[in-house]
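Per the UniProt record's numbering, the very first residue in the sequence shown carries number 1; after that it's consecutive. Remarks on the structure that follows.
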Amino acid sequence: LVLILLISEDCPKPGDEVEVHYTGWLKDTGEVFDSSRKRGTPFKFTIGKGQVIKGWDEGVATMHRLERAIFTFHPDYGYGSMGAGAEIPPNSWLKFDIELLSFKPGKPDKWSMTKQEKVAAASACKEKGNAAFKAGDYEEALEQYKEGVDYFEQTGSWTGPDKEDKDKVLLSCYLNMSNTCMKMMDWYAAVDYGKKAVEIDDKSTKAHFRYGAALMEIASYKEAKEQLMIAARADPQNREIRMTLADCKKRSKEALNDEKAAFGAMFGHNLYSEKADVEKPPVHNIAQLPKAWMDIKVGTEEPKRIRFALYSDTVPKTADNFLALCRGDAGKCKSKPEVDLAYKGSTFHRVIKGFMMQGGDFTNGNGTGGESIYGEKFADEGFRDHHTKRGLLSMANSGPNTNGSQFFVTFAPAPHLDGKHVVFGEVIDGEDVLDAVENVPTDAQDKPTVDGGVVIVDCGVE
């Protein structure tokens, strides 16, 4: 059964990359088991590559751009006798409301491309990104640069001239990605890409400059000055480098007052609450603190539960925000009224082994969105707790007083985040979940690449 609501243009062909919104439910019970609309992020896949169930591959190939259709799939066109976790029992008939938003020729299969073909394809993406950047379309520019980087993901060893060509393109992409993120005021992403550029070529003046400029924006003045000094020594006549270094020194002096040089002691009264400098870490009575839980699905594995204790004794507003988003009873987003203010169904979009797992962007799903129950952003509530161990809950942000819904869980101590991010809870059960997530494969942007991603399939409070 197919109900056509809107038709336009031709249908996608095998090899085309399609972008869709969908809602899926069980035919027999009407129970919804998945929805990209709820997550607020369209789903992309390539026709004919076996990336989705058979019904999707064949059904979407019959659709037209902007068409919206309802499909009913026999179990043989869905998940068959195996089912899919607890949500989709074996031999289930499935219904999907699918809207084909767009389609375009898919990228060549990088596994079948020669090394020079990959270099050429990545270079073309870089040029498209440069054009978008000049036009002021920073999101499109970043997407093109990322696509260029993807050509070199998990594609074997590179040596000799091939490696030189690859590194040249990668360096340009990461430099441009860092600069683009600076324009978008996504400081932490700019730092990440700047660091990757330095790792590729530690002799690159521009790489040290980009990395240092980004570090300055997250108030990591000591590290920023180190990077900017390297750039200044390499190119002492460069006015932009000299001015940025002077600005960094000025900001550092204003923030520290007494010019402390020790790492982790750089958060002065200009940027953060005085509590960050004078208050000792508290001792929490875990038994008396409110608890929340999440059932997290890693790829196609069965969901596993992780439990948190929230530090309502020190940061009650931050704890209440997290608890409400776990309950899912705070209504709709102001920025996207069709999206629930809730973590359920959202993903962990960024995982860095040995560092942290980040999630909570239920509006965009990529680290650029999210919203608190108080509005889009709220102020830092305090920095009494430090990032001293594995399993701490802390707020992700884009600078001082920019807390929303995004959060991260540490995999290890992270003292460089003290005074910058509000620690508001800790894991009390579910270490195996941390282990599973920490070890998922990721791409160049630290996004999990396991089939289905890392998803919060359910959550709540105790």
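Here a beta-carbon is modelled for each residue, glycine too, at the ideal position from N, C-alpha and C.
Hey, would you say residue i sits closer than 8 Å to residue j, going by beta carbons?
i, j, result
"Lys95", "Thr72", "yes"
"Val423", "His386", "yes"
"Tyr22", "Phe43", "yes"
"Thr180", "Ala219", "no"
"Val457", "Pro448", "no"
"Gln237", "Tyr211", "no"
"Ala292", "Cys326", "yes"
"Arg384", "Pro282", "yes"
"Asp340", "Lys332", "yes"
"Asp446", "Glu153", "no"
"Lys126", "Ser92", "no"
"Glu371", "Lys317", "no"
"Ser394", "His421", "yes"
"Val433", "Val351", "no"
Which partner residues does residue i have in the DSSP bridge list?
i, result
"Asn403", "Phe378"
"Gln358", "Arg350 and Phe408"
"Arg21", "Per the sequence shown, residue 21 should be read as His rather than Arg. BP columns for His21 point to Glu99."
"Gly460", "Trp293"
"Leu26", "Leu94"
"Lys104", "Glu17"
"Lys332", "Asp340"
Using the rule of at least 16 other Cβ atoms within 10 Å of the residue's Cβ for burial, across every protein chain shown, is residue i buried or exposed?
i, result
"Pro290", "buried"
"Phe267", "Note on Phe267: pLDDT 36, under 50, position unreliable in the model; the coordinate value appears next. Buried, since its Cβ has 16 or more Cβ neighbours within 10 Å."
"Asn176", "buried"
"Ser157", "exposed"
"Leu6", "With a pLDDT of 43 at Leu6, under the threshold of 50, the predicted position of this residue should be treated as unreliable, though the coordinate-derived value follows. Result: exposed."
"Pro105", "exposed"
"Leu100", "buried"
"Ser81", "exposed"
"Asn403", "buried"
"Val278", "Here Val278 scores only 39 on pLDDT, less than 50, and its place in the model should not be relied on; the value that follows carries that caveat. Exposed."
"Gly160", "exposed"
"Lys253", "exposed"
"Glu139", "exposed"
"Tyr272", "Any reading at Tyr272 must be qualified, since the residue scores a pLDDT of 41, below 50, and its modelled position is unreliable; the value itself is stated next. By the neighbour-count rule (16 or more Cβ atoms within 10 Å), Tyr272 is buried."
"Ala276", "Reliability of the predicted coordinates at Ala276 is poor, the pLDDT of 41 falling under 50, and no value is obtained from them."
"Arg239", "exposed"
"Ala262", "In this prediction, Ala262 scores a pLDDT of 34, lower than 50, which makes its location untrustworthy; no coordinate-derived value is stated."
"Thr388", "exposed"
"Met182", "buried"
At what residues does the alpha helix (DSSP H) containing residue i begin and finish?
i, result
"Ser394", "That residue, Ser394, is in no alpha helix (DSSP H); its beta strand (DSSP E) goes Leu392 to Met395."
"Val339", "Looking at the DSSP string, Val339 is not in any alpha helix (DSSP H), and its letter there is neither H nor E."
"Arg233", "Tyr221 to Ala234"
"Lys126", "Lys115 to Lys134"
"Ile200", "Trp187 to Ile200"
"Asp165", "Gly160 to Lys183"
"Phe45", "Here Phe45 belongs to no alpha helix (DSSP H); instead the beta strand (DSSP E) covers Phe43 to Thr46."
"Arg65", "Taken as a continuous stretch (DSSP letters only), Arg65 belongs to no alpha helix (DSSP H), as it is neither H nor E."
"Asn321", "Pro316 to Arg327"
"Val149", "Tyr138 to Asp150"
How would you write the range of the beta strand (DSSP E) that residue i sits in, first residue to last?
i, result
"Thr205", "Thr205 -> not in any beta strand (DSSP E); alpha helix (DSSP H) instead, spanning Thr205 to Glu217."
"Val427", "Val423 to Asp429"
"Phe71", "Arg68 to Phe73"
"Ser35", "Val32 to Ser35"
"Lys420", "No beta strand (DSSP E) contains Lys420, which DSSP labels as neither H nor E."
"Arg307", "Lys304 to Leu310"
Problem set entry | Contact the stretch 64-84 vs the stretch 111-126: 3+ CB pairs below 8 Å | no
Exercise. Any contact of the stretch 336-350 with the stretch 374-385, i.e. 3+ C-beta pairs under 8 Å?
Worked result: no
Exercise. With a cut-off of 8 Å, do at least 3 Cβ pairs link the stretch 407-419 to the stretch 354-366?
Worked result: yes
Problem set entry | Cβ pair count under 8 Å reaching 3, the stretch 362-369 against the stretch 200-210 | no
Exercise. Does the stretch 9-21 come close enough to the stretch 33-48 that 3 or more CB-CB pairs lie under 8 Å?
Worked result: yes
For this session: Tell me, please, whether the stretch 81-89 touches the stretch 297-317 by the rule of three or more beta-carbon pairs shorter than 8 Å.
Result: yes
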